[in-house]
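Here the protein sequences come in this chain order: C and B. Counted from 1, the first sequence has number 93 at position 93 by UniProt numbering; the numbering is strictly sequential. Counted from 1, the second sequence has number 41 at position 41 by UniProt numbering; the numbering is strictly sequential. Virtual Cβ for every residue (Gly too), placed ideally from N, Cα, C.
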Amino acid sequence: MFFHIVLERNMQLHPRHFGPHLRDKLVAKLMRDVEGTCSGRHGFVVAITGVEDIGKGLIREGTGFVTFPVKYQCVVFRPFKGEILEAVVTMVNKMGFFAEAGPVQIFVSNHLIPDDMEFQSGDMPNYTTSDGSVKIQRDSEVRLKIIGTRVDATEIFCIGTIKDDFLGVINDPGAAA
Amino acid sequence: MSEKGGKGYSAPKAPKSALKTSQVSSKGKDDSSAKSKRGRKVQFDNEGTPEVNSRNFSDFGGKFETLSSKGDFGKAGKGGKTMGEGKSAMLKDRSKLELRIENELPKNAKCLMDCEAADILQGIQEQMVLLSEDPTIKIPAPFDRGLQYAKRGNHYSDPQSLRRVLDNLTKYGASDGEICMIANICPETVDEVFALVPSLKKKESKLKEPLKNALSELAKLKDST
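Written out as structure tokens, the structure is:
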């Protein structure tokens with residue numbers, strides 16, 4: 001889910017950037033450093049929407065760098081346990097399938113896929129119901145529920161399920177005619 | 001030691017692993033003293049400052065949340081962002097799969113519906129087009145993917161009316177996170193909402209009618225595709 005939050009960060013600036021455009025350089029550095037990163041607490045920082053406040057700079061002893069505390073607003077994307085998401089399937093194998101929702105990867109294990117869906121291998125591996133009416137393959141859109149999350153250094157990885165009511169395929173690209 | 005019964009509520013959290021960040025402390029001092037008698041292992045929630053809890057929790061980076069969340073985010077994300085809602089320790093029984101946003105993000109976090117996020121990100125992208133002429137500036141991949149995701153999930157033409165319709169539900173106890181979930185799911189029936197957002201089930205009696213009305217309003221607002 002997307003959130004709009006205010007975060008704070010200490011930015012270090014090299015003296016060569018000091019001058020009339022100090023603030024602009026600080027903001028540019030903030031955007032370079034922060035946009036696209038991921039943390040366990042806040043999720044992916046998708047975009048910075050504004051800078052609220054830049055505090056007074058503190059010169060660090062021993063080096064000429066100056067540290068500025070910067071408060072900024074940003075849009076973050078963070079998946080939560082219990083959240084319902086619509087994701088696009090990227091890969092299907094006999095262990096389950098991988099899907100993507102925004103910057104987040106989700107894995108749905110075959111144990112969390114309804115029992116009436118079987119894995120079919122082939123050129124386009126997929127999960128299909130016994131009567132062939134519902135198919136999950138690459139590029140299918142599925143609605144799933146997140147049941148667990150893990151955060152690495154640079155990305156968030158989730159486990160999902162489609163075994164509950166109102167979950168499963170929304171849009172099957174193969175069926176579009 | 002029978003502090004458990006003596007404090008006027010039943011079944012406080014048993015002294016489980018130190019990894020758990022129990023948030024029972026909405027009851028205040030009573031909880032802390034009960035726990036201290038039991039030989040607490042780690043001082044996570046002495047005085048019940050939820051921010052301390054959530055910060056400590058986020059340190060357990062590599063673990064799946066399922067491991068350490070058994071009933072410990074006792075608030076279970078109910079009742080809006082005010083952490084001091086006083087939800088009791090009975091919440092151990094609550095499903096693990098309920099949305100518990102409020103405990104894990106800073107208090108000033110504002111939940112965005114996909115359509116609102118799409119608007120904001122679209123605006124930023126238009127500015128970025130100008131910035132991208134500078135070769136040193138790269139548009140980060142999460143931004144692109146986030147924007148695509150928000151646009152794809154965007155079934156409504158007017159985020160403001162959508163927000164107005166759903167904010168009505170806060171009067172009946174729905175939290176911000178739950179409202180955003182409802183908007184993102186695009187439900188067709190009330191049963192679908194209660195099945196997908198189990199935390200609303202507790203307030204089913206209060207919410208059923210307003211939810212029905214809200215859904216019919218949403219149906220009118222949906223883009224005809």
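Is there at least one Cβ from chain C nearer than 8 Å to residue i's Cβ?
i: P106 of chain B; result: yes
i: G146 of chain B; result: yes
i: G153 of chain B; result: yes
i: K110 of chain B; result: yes
i: L211 of chain B; result: no
i: A141 of chain B; result: yes
i: Y149 of chain B; result: yes
i: L196 of chain B; result: yes
i: C180 of chain B; result: yes
i: A117 of chain B; result: yes
i: E162 of chain B; result: Looking at the sequence shown, residue 162 of chain B is not Glu but Leu. Chain C contact via Cβ: absent.
i: D167 of chain B; result: no
i: D114 of chain B; result: yes
i: L218 of chain B; result: no
i: L121 of chain B; result: yes
i: E204 of chain B; result: no
Within 10 angstroms of its Cβ, does residue i collect 16 or more other Cβ (buried), or is it exposed?
i: L58 of chain C; result: exposed
i: T149 of chain C; result: buried
i: M95 of chain C; result: exposed
i: F97 of chain C; result: buried
i: I170 of chain C; result: exposed
i: G19 of chain C; result: exposed
i: K20 of chain B; result: Note that K20 of chain B has pLDDT 42, beneath the 50 cutoff, so the model's placement of it is unreliable and the number below is only indicative. With 16 or more other Cβ atoms within 10 Å, it is buried.
i: S205 of chain B; result: exposed
i: H42 of chain C; result: buried
i: P15 of chain C; result: exposed
i: G122 of chain C; result: exposed
i: L130 of chain B; result: exposed
Is residue i helix, strand or coil by DSSP?
i: V134 of chain C; result: coil
i: E52 of chain C; result: strand
i: P114 of chain C; result: coil
i: E83 of chain C; result: coil
i: G96 of chain C; result: strand
i: M124 of chain C; result: coil
i: E35 of chain C; result: coil
i: R163 of chain B; result: helix
i: A76 of chain B; result: Below a pLDDT of 50, predicted positions are generally treated as unreliable, and A76 of chain B, at 38, falls in that range; the measurement from the model is reported next regardless. Correct three-state label for A76 of chain B: coil.
i: T154 of chain C; result: coil
i: I179 of chain B; result: helix
i: F143 of chain B; result: helix
i: E61 of chain C; result: coil
i: E141 of chain C; result: strand
i: G123 of chain B; result: helix
i: R41 of chain C; result: coil
i: H17 of chain C; result: helix
i: residue 314 of chain B; result: Because chain B here runs from 1 to 225, residue 314 of chain B falls outside it and cannot be looked at.
i: M128 of chain B; result: helix
i: P103 of chain C; result: coil
i: I185 of chain B; result: helix
i: L7 of chain C; result: strand
Shortest alpha-carbon distance to residue i belongs to which of the options?
i: S133 of chain C; options: C:D116, C:V89, C:L144, C:V45; result: C:D116
i: F77 of chain C; options: B:G146, B:M128, B:K222, B:Q127; result: B:G146
i: E188 of chain B; options: B:E116, B:E217, B:R163; result: B:E217
i: R138 of chain C; options: C:Y127, C:G160, C:M1; result: C:Y127
i: P106 of chain B; options: C:S121, C:G40, C:I84; result: C:G40
i: residue 288 of chain B; options: B:I185, B:E178, B:N184, B:C186; result: In this structure chain B extends from 1 to 225, so residue 288 of chain B is not present and cannot be described.
i: H17 of chain C; options: C:G55, C:V66, C:E52, C:V46; result: C:V66
i: F80 of chain C; options: C:F166, C:M1, C:G168, C:L167; result: C:M1
i: L13 of chain C; options: C:L7, C:R32, C:H111, C:E83; result: C:R32
So, does the CB of residue i fall closer than 8 Å to a CB anywhere in chain B?
i: P79 of chain C; result: no
i: E35 of chain C; result: yes
i: T67 of chain C; result: no
i: I113 of chain C; result: no
i: G102 of chain C; result: yes
i: G1 of chain C; result: Reading off the sequence, residue 1 of chain C comes out as Met, not Gly. Yes, its Cβ sits closer than 8 Å to a Cβ of chain B.
Return yes when the Cβ of residue j is within less than 8 Å of the Cβ of residue i, no when it is not.
i: L221 of chain B; j: S175 of chain B; result: no
i: K110 of chain B; j: F3 of chain C; result: yes
i: residue 198 of chain C; j: D164 of chain C; result: Outside the modelled stretch of chain C, which goes from 1 to 177, sits residue 198 of chain C, for which no answer is possible.
i: I162 of chain C; j: V108 of chain C; result: yes
i: K212 of chain B; j: V190 of chain B; result: yes
i: E100 of chain C; j: V92 of chain C; result: no
i: E155 of chain C; j: C74 of chain C; result: no
i: L22 of chain C; j: V70 of chain C; result: no
i: T49 of chain C; j: I185 of chain B; result: no
i: E35 of chain C; j: P140 of chain B; result: yes
i: A183 of chain B; j: L169 of chain B; result: no
i: V27 of chain C; j: V51 of chain C; result: yes
i: F166 of chain C; j: A219 of chain B; result: no
i: residue 214 of chain C; j: F68 of chain C; result: In the structure as shown, chain C begins at 1 and stops at 177. Residue 214 of chain C is therefore absent and cannot be evaluated.
Does the Cβ of residue i lie closer than 7 Å to at least one heavy atom of the ligand SAH?
i: K94 of chain C; result: The ligand SAH is absent from the structure shown, which contains no ligand whatsoever.
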